[in-house]
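Visitor: One structure coming up, written as structure tokens, with questions to follow.
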Amino acid sequence: MSGVIKMYRIVEKRELAKGVDEFVIEAPEIARRAKPGQFVIVRVVARGERIPLTVADADPESGTITLMVQRVGKSTYHLSCFEEGNSIRDLVGPLGKPTEIKKWGHVVAVGGGLGLAPIHHICKGIKEAGNRLTVIMGFRSKDLIFWEDRMKIIADRLIITTNDGSYGKKGLVTDALKEVIEEDEVNAVICAGPVPMMKAVAELTRPYGIYTVASLNPIMVDGTGMCGACRVTVGGEVKFACVDGPEFDAHKVDFDELMNRLRMFKEQESLAMRRFQEKHCGCSRRE
Amino acid sequence: MGKREIRKERVPVPEREPSVRIRDFKEVKLGYSPQLAVEEAKRCLQCPHSPCVDACPVSVPIPQFIKLIAEGKFVEAARKIKEENIMPSVCGRVCPQEIQCEGACVVGKVGEPVAIGALEAFAGDHEASMGYEKFEVKEKSGKRVAIVGSGPAGISCAADLLRYGHEVVIFEALHEPGGVLIYGIPEFRLPNETVKRELEFLKEMGAEIRLNFVVGKTATIYELLEEFDAVFISSGAGLPYLLDIEGLNLNGVYSANEFLTRVNLMRAYRFPEYDTPVFTGKRLAVIGGGNTAMDVARTALRLPDTEEVYVVYRRSEKEMPARVEEVRHAKEEGVIFKTLTSPVRFVGENGWITGIECIKMELSEPDESGRGRPVPIPGSEFILEVDSVVIAIGQGPNPVVVDGVKEIKRGKKGEIIVDPETLMTDLPGVFAGGDAIRGGSTVIVAMGDGRRAAKSIHKYLTQGL
Ligand SMILES: Cc1cc2nc3c(=O)[nH]c(=O)nc-3n(C[C@H](O)[C@H](O)[C@H](O)COP(=O)(O)OP(=O)(O)OC[C@H]3O[C@@H](n4cnc5c(N)ncnc54)[C@H](O)[C@@H]3O)c2cc1C
Ligand SMILES: Cc1cc2nc3c(=O)[nH]c(=O)nc-3n(C[C@H](O)[C@H](O)[C@H](O)COP(=O)(O)OP(=O)(O)OC[C@H]3O[C@@H](n4cnc5c(N)ncnc54)[C@H](O)[C@@H]3O)c2cc1C
Ligand code: SF4
Ligand code: SF4
Ligand code: FES
């Protein structure tokens, strides 16, 4: 809360894997308060959209937060053009409810793709609370893997799966999760990642009656409960993911509805992306 | 002004042609020229009892400022208004004058009331074009006040506190200041430039505005109290009410807040030049009959894809809470009104909205609001085919700001409870006003609260309450 105006300067940036960047950004007020499960809303440039990104890590001492960004469209590609020393236009947070962390016993955290951002911060909290932690990270192939080292430090057991078998276990995260559940007692599961993955995890754990939490990623605008863009149905009730979530009881979430709502602006998004690729010069990342 | 014949018709305010203006977001009303303003000002009878002043929530000295306009003293007129209302350019444009000042105007009994709003906007705009006069700041008090929210309540409270000599920091959740004036009310009704001008002036006076700061999240009220001597909560009513009907979460169904935020704050009307999209399809329906509903309808009409825009309202036009002028403008622009009609459910296909099942209503005996209570007519259901829907049925205060602050009590609608005299909450040093304590209200009422709060904060800081 010092009087200094923050500039949201990027102090570190690295490419974690193909299509994924890690940013360490100066944001002392957010770093001081951000808890596992919370996110920020970023506006990359003056004409930019407001996009939510999870606080993957926060360091109150250095006053920085870590964001992990998967390039999927205009805003995330634009952000990937930013380098150390550049500043992001707007950054607000920490938003959303922190993860409810209890001493459950044995917790399995399942993350795929951009879901690793929340999983990383949540896992730190889970360990601090004295739980035994198994982490399952899923990737399509070996060249997309990142944060194996970081997760290894936190997790008691780390399982990596690849769809093509080029590294770790071949198969999906749910295959690995099933094995863990069958050979070990599991008291809670936390998952984050693509909606079909979260849905599959929920369906897998449902018959076992294992408490399962999913970190949802609906489209957001303000992130403060003002617009209702982020609404999801949980247990038959309408919830605003930005203030009531983003984590909910996975067994109660209407994942099909969430998947549908994520398609709302598909046409406009691809138009924006095409236009960005045509116009944006001087940027090396135009895959 | 002596005895003379009253001119029954007001001098019309020049407006842009509907067919032209619906193609852009530029202001619809062109405003009075100095000549027209003087002519209109001369219609005022300078009533000694001035009922118009009693009907204005902040008692703007109406006959006095109008007299100054009649005398060609435009800047003086603006300063006269500013004794009570620091944003004449805004209020002149958005106040519901027909139920406030103009509704009480004596001339209205024999003809059209004096165009108080248009004259007020004229004076404000004229003064701005001449460059504002810096107002006198008392000696610095050394006290610091935090203001939560940069809407009209926050702006007016900040201005007065600065005049009293206190230091002011405004915390705003969004990336642009101005509250509903920026994210809600569209540019064709209230240009952003007009609002920005007022905010610039506030900054020149010494206010600091901290954007991207959500009180309750980035820092709590308790933390603000550690650094500031008092806090004023003017966080507005930014929690949209939705309809509890089937199909609410289909694609193409928006709250008014989402729709207006996308278009106004994020400039979706200039997509893809700006990154934020909005989808309307050819036919859009807005549900509701207030200013917000009219703003949505007229905004939608200006977007490139829309061909037909409906307003679906369950009572008749007479009961619509929107400003009369907004309804007239909407009609001129081609908005189609479906009154005495209520939505029953949203119908969809493949996850997208395709229509609204509606039922016709009739009005029975008046309810507690004094308006006819709408009752459905059995068997009158029909489908209104649409590609998108915007729900504009009101909003309540957003709880984020006081999350976890036990001392601050909230009412049934979530409104913050304050002492009606001092506007202080049960947490000493924390005051609140505007939509945050009332639910949806008006700009001028919010500004009135801001001023009253500034007065009690000043008292609290200098002599204790
Ligand atoms: C709480 C939360 C936390 C998230 N955390 C991360 C994270 O840590 N790392 C990460 O890479 N991604 C994260 N996301 C997803 C990220 O916000 C989207 O990938 C991003 O908004 C896409 O923007 P774009 O312009 O690059 O792509 P677009 O082309 O605009 O969109 C690609 C897809 O992303 C989704 N999307 C678009 N706009 C938004 C929006 N405003 N809000 C949410 N989703 C949107 C849609 O499904 C869309 O189809 C998170 C989302 C949420 C809700
Ligand atoms: C579409 C629309 C049209 C309208 N038309 C008219 C009209 O024609 N005439 C009229 O008189 N009235 C009109 N109104 C009502 C009027 O705009 C409001 O009554 C008025 O703006 C209330 O002022 P306020 O200062 O209390 O709150 P707001 O204007 O709502 O401002 C509140 C501000 O606080 C910020 N905020 C909220 N929570 C936090 C937080 N936790 N931390 C930091 N900042 C926060 C918000 O982002 C916002 O900027 C309209 C309202 C809408 C929505
Ligand atoms: S502030 Fe509003 S109500 Fe009062 S005189 Fe001006 S326009 Fe009329
Ligand atoms: S009531 Fe009408 S005529 Fe009388 S002073 Fe007020 S504005 Fe003028
Ligand atoms: S993002 Fe607007 S309410 Fe959640």
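As you go down the protein sequences, you meet chains A and B in turn.
Residue 501 in our numbering sits at position 246 of the first sequence, with consecutive numbering throughout.
Residue 33 in our numbering sits at position 16 of the second sequence, with consecutive numbering throughout.
The beta carbon of each residue, even a glycine, is placed where N, CA and C say it ideally should be.
Remember, predicted model here, so these are calculated numbers, not experimental data.
1) What are the uninterrupted segments assigned as beta strand (DSSP E) that are 3 or more residues long and contained completely in the region 151 to 237 of chain B, given in chain order?
2) Checking contacts by CB at 8 Å: is Ala484 (chain A) closer than that to chain B?
3) Hey, would you say the C-beta of Ser251 (chain B) is under 7 Å away from at least one heavy atom of ligand 2?
4) Can you give the Cα-Cα distance for Val476 (chain A) and Glu32 (chain B), rounded to whole angstroms?
5) Alpha carbon to alpha carbon, how far is Arg27 (chain B) from Pro391 (chain B)? Give it in angstroms, no decimals.
6) Say whether the region 331 to 351 of chain A touches the region 372 to 385 of chain A, bearing in mind that this needs 3 or more beta-carbon pairs closer than 8 Å, one atom from each stretch.
7) Quick check: what's the CA-CA separation for Leu256 (chain B) versus Val417 (chain B)?
8) Check whether the Cβ of Met481 (chain A) lies closer than 7 Å to any heavy atom of ligand 5, and answer yes or no.
9) Shorter than 8 Å from the beta carbon of Ile55 (chain B) to some beta carbon of chain A?
10) Per DSSP, Thr316 (chain B) is paired with what?
11) What residues in its chain sit with their C-beta under 6 Å from that of Val77 (chain B), if we drop five residues either side in the sequence?
12) Any residue with its C-beta under 5 Å from a non-hydrogen atom of ligand 1 counts. Can you list them all in chain order?
13) Between which residues of its own chain and Gln293 (chain A) is the CB-CB distance below 7 Å, once the five residues before and five after are set aside?
14) Check the Cβ of Lys234 (chain B) against every Cβ in chain A and list those closer than 8 Å, keeping chain order.
15) Can you give me the Cβ contacts of His183 (chain B) inside the same chain, cut-off strictly under 6 Å, excluding the 5 residues immediately before and after it?
16) My assumption, with CB atoms under 8 Å, is that Val275 (chain A) sits in contact with Phe401 (chain A). Please give the rounded CB distance.
17) To the nearest angstrom, how far is the alpha carbon of Gly148 (chain B) from that of Arg345 (chain B)?
18) Can you tell me which of B:Thr235, B:Phe139, B:Asp452 and B:Ile187 puts its alpha carbon nearest to the alpha carbon of Asn415 (chain B)?
19) Between the Cα of Glu350 (chain B) and the Cα atoms of B:Asp41, B:Pro29 and B:Val30, which residue gives the shortest distance?
20) Check whether the region 162 to 178 of chain B touches the region 240 to 248 of chain B, taking contact to mean three or more Cβ pairs, one atom from each stretch, closer than 8 Å.
21) I'd like the span of the alpha helix (DSSP H) that includes Tyr477 (chain B), first residue to last.
22) Around the C-beta of Ile465 (chain A), are 16 or more other C-beta atoms found within 10 angstroms, so that it is buried, or is it exposed?
23) Would you be able to state if there are at least three C-beta pairs under 8 Å between the region 431 to 445 of chain A and the region 457 to 474 of chain A?
24) Whole angstroms is fine: what's the gap from Leu228 (chain B)'s alpha carbon to Leu191 (chain B)'s?
25) Once the 5 residues before and after Leu260 (chain B) are set aside, which same chain residues still bring their CB inside 8 Å of it?
26) Using the beta-carbon count (16 or more within 10 Å), is Glu44 (chain B) buried or exposed?
27) State buried or exposed for Ser252 (chain B), treating a residue as buried only when at least 16 other CB atoms are found within 10 Å of its CB.
28) Quick check: is any heavy atom of ligand 3 less than 7 Å from the C-beta of Cys336 (chain A)?
29) Counting Cβ pairs closer than 8 Å, one from the region 259 to 276 of chain B and one from the region 394 to 408 of chain B, do we hit at least three?
30) Measure from the C-beta of Thr354 (chain A) to each C-beta in chain B and report whether the shortest distance is under 8 Å.
31) Where does Met18 (chain B) fall in DSSP's three states?
32) Would you give the residue range spanned by the beta strand (DSSP E) that Leu526 (chain A) belongs to?
33) When the Cα atoms are used, what is the spatial distance from Ile116 (chain B) to Thr459 (chain B)?
34) Once DSSP output is grouped into helix, strand and coil, what is the label at Ala272 (chain A)?
35) Kindly indicate which three-state DSSP category Gly305 (chain B) falls into: helix, strand or coil?
36) Which residues, taken in chain order from the region 263 to 279 of chain B, show a beta carbon closer than 7 Å to some beta carbon of chain A?
Guide: From the atom records:
1) 161 to 165, 184 to 188 and 225 to 227
2) yes
3) yes
4) 34 Å
5) 36 Å
6) no
7) 10 Å
8) yes
9) At residue 55 (chain B) the sequence reads Val, which differs from the Ile that was named. Closer than 8 Å: no.
10) Its beta-bridge partners do not exist; DSSP assigns none.
11) Ile98, Glu101 and Asn102
12) A:Phe294, A:Ile306, A:Pro307, A:Leu308, A:Thr309, A:Val324, A:Gln325, A:Val327, A:Gly328, A:Lys329, A:Ser330, A:Thr331, A:Leu369, A:Ala372, A:Asn472, A:Ile474, A:Met475, A:Pro501, A:Leu517 and A:Glu524
13) Val310, Gly348, Pro349, Leu350, Gly351 and Pro353
14) Arg288, Gly348, Pro349, Leu350 and Thr479
15) Ser158, Lys160 and Val162
16) 6 Å
17) 34 Å
18) B:Asp452
19) B:Asp41
20) yes
21) Val460 to Thr479
22) buried
23) yes
24) 6 Å
25) Ile304, Pro360, Ile408 and Ile410
26) buried
27) buried
28) no
29) yes
30) no
31) Since pLDDT at Met18 (chain B) reaches only 46, below the 50 mark, its modelled position is unreliable, and the value read off the structure follows with that caveat. Looking at Met18 (chain B) - three-state DSSP - the assignment turns out to be coil, as it is neither helix nor strand.
32) Not the beta strand (DSSP E): Leu526 (chain A) falls in the alpha helix (DSSP H), residues Lys521 to Lys534.
33) 12 Å
34) strand
35) coil
36) Leu265, Asn266, Asn268, Ser272, Asn274, Glu275, Thr278 and Arg279
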